[in-house]
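Residues 118 to 501 (this note's numbering) are what the sequence shown spells out, left to right.
Below is one structure, written out as structure tokens; the observations come after it.
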Amino acid sequence: MRNEGSISILHVVFLTMTFIGLKNHVTIIPSILATAGRDGWASVLLGVLGIFVWTFLLVYVHKKTNQEPIKDWLKQRIGKVLTAIVLYGIAFYLLLLAAFTMRETLLWVTTTFLPKTPVIILLIIFVLLVMFLAASGLQTIVIVNVFVLTGVVILGFFVAFVNLQVKDYGLLKPFFEHGFQPVLTGAIYPSSGFVELLILLFIQHKIQKRMRWYHFGLMLVILTGLTIGPLVGAITEFGPSEAAKQRYPAFEEWGLATIGRFIEHIDFFSIYQWLTGTFLRVSFILYVCAEILNIQNDKKQVWTKLAPPFFFVCLSLTLLRENLFLLINGKYFLISTFLFFIILSLFLTIISLTSRKSLIKDKNEQKSGEKLSKQEKMTQNQTQ
């Protein structure tokens, strides 16, 4: 199925670098360090290998749906009532996903450079901005993303090369000092970001060409680099013990960046990286929610049906104590995200398999019906 104003696969790759890249580049790093320590890089590699096998389920569903909108495809297979229940459940979880990202960003902002600004003011400003972009449509999102991502990538390579002077790669040794169990346990955290590739299925009808397995493989390679980069950087710059104590290791790495003897305190560049990443990630997830609820073409409905629940969910998260929120977000919510998308992918795969069997059954019944009608005509002719 093709639509006017569709986006290319290259746009999809860039979009993935932003909306999943923010999570894997920032959010999951403390959880990996707390679980696997200096062997966190091995957890990332283990996770990406498992998820690469899992992506073939996405390719299968993507092929069997023939790039139709998932909501329409489900209605044809499981009926309107069950489809509505599934879609509303998915939309609610995606809303939670966006709200947790927003709350974590607000926590970082108030902790680092706006400690005296009321959180409610920041929340209102951010909600207005992300809702404006989400209501503008997918084309606007991908265009803004291209411009924003350019600066993010340049700054990322900049801080990586500037901090080479303070990195000690010997801190990565000894390998597997606590065995393989921490590595295996820690693999679930990067995987909770990788599995968000499933979200792309909900905009598949907006993509010009069918996505192949190597497209998903390319996205995984890029996301692996975005995850291992700050993770190894934090270990080699601060050591595994100190890095595990930090709330935002990726941000702390900017504090070490200096150019020569006289240029330092350039960590304000990280503000651009984080805020633009949040802006694109939350806006895109909210757009997908609008797509699932079939209100993406009506800006008024996007504002009236998405903005209020999103605002109040974010507001409820701001009422949680910081330590409690960090515990829920850094451990339980990451695991629940992994399980949610794995179960959803299995559900879509089962629907694809059963729909194929029913289609074959219908064809066989149709053929048998045609044979019976031919036999009846032959008998009628013989009697005549």
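Beta carbons are placed, not taken as given, at the ideal position from N, Cα and C, and that holds for glycine.
Phe-319 beta carbon less than 8 Å from that of Thr-172:
Their beta carbons are not under 8 Å apart, which means Thr-172 does not touch Phe-319 by this criterion.
Distance, Cα to Cα, Asn-120 vs Ile-126? No answer about Asn-120 holds up, because its pLDDT of 47 lies below 50 and its placement is not dependable.
Could you tell me the distance, in whole angstroms, from the CA atom of Asn-414 to the CA atom of Gly-254? Our two residues, Asn-414 and Gly-254, have alpha carbons roughly 8 Å apart in a direct line.
Are the CB atoms of Gly-394 and Val-263 within a distance shorter than 8 Å?
Cβ atoms of Val-263 and Gly-394: not closer than 8 Å.
message = If contact is defined by three or more beta carbon pairs under 8 Å, each pair taking one atom from either stretch, is the region 135-151 in contact with the region 364-377?
response = Flag = yes, the region 364-377 and the region 135-151 touch.
| said: Below 7 Å, is the gap between the Cβ of Asp-285 and the nearest heavy atom of the ligand COA? | reply: In the structure on display, the ligand COA does not appear, and there are no ligands present to speak of.
**Asked** Under three-state DSSP, which class holds Ile-137?
**Response** Residue state, collapsed to three classes: coil.
Check: What distance in whole Å lies between the Cβ atoms of Phe-401 and Leu-132, which are believed to be in contact at a cut-off of 8 Å?
Finding: About 7 Å; that satisfies the 8 Å criterion.
Are Leu-272 and Thr-353 close, meaning C-beta to C-beta below 8 Å?
-> No, the pair does not count as a contact, with Cβ atoms beyond the cut-off.
Give every residue of the same chain whose Cβ lies closer than 7 Å to the Cβ of Val-226, excluding the five residues on either side of it in the sequence, and list them in chain order.
By the criterion of a C-beta distance shorter than 7 Å, Val-226 is surrounded in its chain by Leu-239, once the five residues flanking it on both sides are discounted.
| query | Considering Leu-255, what are the terminal residues of the alpha helix (DSSP H) in which it resides? | reply | Counting along the chain, Leu-255 sits inside the alpha helix (DSSP H) bounded by residues 255-279.
_the region 374-393 contacting the region 300-316, beta-carbon criterion three pairs below 8 Å_ = Short answer: they don't touch.
Check your understanding: How is the alpha helix (DSSP H) around Phe-401 delimited, first residue to last?
Key -> Its alpha helix (DSSP H) spans residues 386-409.
- Query: Taking Cβ positions, are Phe-396 and Leu-281 nearer each other than 8 Å?
  - Reply: No, these two residues do not count as a Cβ contact at 8 Å.
C-beta contact flag for His-179 and Arg-378 at 8 Å: The Cβ atoms of His-179 and Arg-378 do not sit closer than 8 Å to each other.
Point to revise | Buried/exposed call for Lys-323, threshold 16 Cβ in 10 Å | key: Lys-323 is buried by the Cβ-count criterion.
Task: Collapsed DSSP secondary structure at Ile-380 in the structure displayed - done: The answer is strand: DSSP assigns Ile-380 an E or B state.
Pick helix, strand or coil for Lys-480, following the three-state DSSP scheme. Reliability of the predicted coordinates at Lys-480 is poor, the pLDDT of 48 falling under 50, and the value obtained from them is presented with this limitation in mind. Helix.
Check each candidate in Gly-310, Gln-390, Leu-199 and Ser-123 and name the one with the smallest Cα separation from Thr-344. Minimum Cα distance to Thr-344 is reached at Gly-310.
Assign Ile-412 to one of three DSSP states: helix, strand, or coil.
Note: Ile-412 maps to coil in three-state DSSP.
| Neighbourhood of Leu-139 by C-beta, 6 Å cutoff - its chain only, sequence neighbours within 5 removed | Taking Leu-139 as the centre and dropping the five residues before and after it, the same chain places the C-beta of Gly-394 and Arg-398 closer than 6 Å to its C-beta, in chain order.
Practice problem: Spatial neighbours of Ile-409 within its chain, please: CB distance less than 7 Å, with the 5 preceding and 5 following residues excluded, ordered by chain position. | Solution: Sequence-distant Cβ neighbours of Ile-409 in its own chain, meaning closer than 7 Å and more than five residues away, are Lys-188, Leu-204, Ile-207, Ala-208 and Phe-319.
Proximity to Thr-257 [Cα-Cα], best of Gly-157, Leu-174, Ala-277 and Tyr-404: Out of Gly-157, Leu-174, Ala-277 and Tyr-404, Tyr-404 has the C-alpha closest to the C-alpha of Thr-257.
**Report entry** Contact under 8 Å by Cβ, Leu-337 with Phe-169
**Finding:** Their beta carbons are under 8 Å apart, which means Leu-337 touches Phe-169 by this criterion.
Following the continuous alpha helix (DSSP H) through Val-203, name the residue where it begins and the one where it ends.
Boundaries of the alpha helix (DSSP H) harbouring Val-203: 197-229, taken from the DSSP string.
Practice item. Note down, in chain order, each residue of its chain lying with its Cβ closer than 6 Å to the Cβ of Ala-361, except the 5 sequence neighbours on either side. Key: Excluding sequence neighbours, Ala-361 sits near Leu-150 and Ala-151.
Please report the straight-line C-alpha distance between Phe-292 and Arg-155, rounded to a whole angstrom. In a straight line, the C-alpha of Phe-292 is about 8 Å away from that of Arg-155.
Exercise. Would you report the Cα separation of Trp-391 and Thr-471, rounded to the nearest angstrom?
Worked result: Straight-line Cα distance between these residues: approximately 43 Å.
task = Pull up the distance between the alpha-carbon of Ala-424 and that of Phe-136, whole angstroms please.
result = Cα-Cα distance, rounded: 19 Å.
(request) To the nearest angstrom, report how far apart Asp-479 and Lys-422 are at their CA atoms. (result) With a pLDDT of 47 at Asp-479, under the threshold of 50, the modelled position of that residue is not reliable, and the figure given next carries that caveat. One alpha carbon belongs to Asp-479, the other to Lys-422, and they sit about 40 Å apart.
Take Phe-457 as the anchor and find which of Thr-222, Val-312, Tyr-177 and Thr-341 has the nearest alpha-carbon. It is Val-312 whose Cα lies nearest to the Cα of Phe-457.
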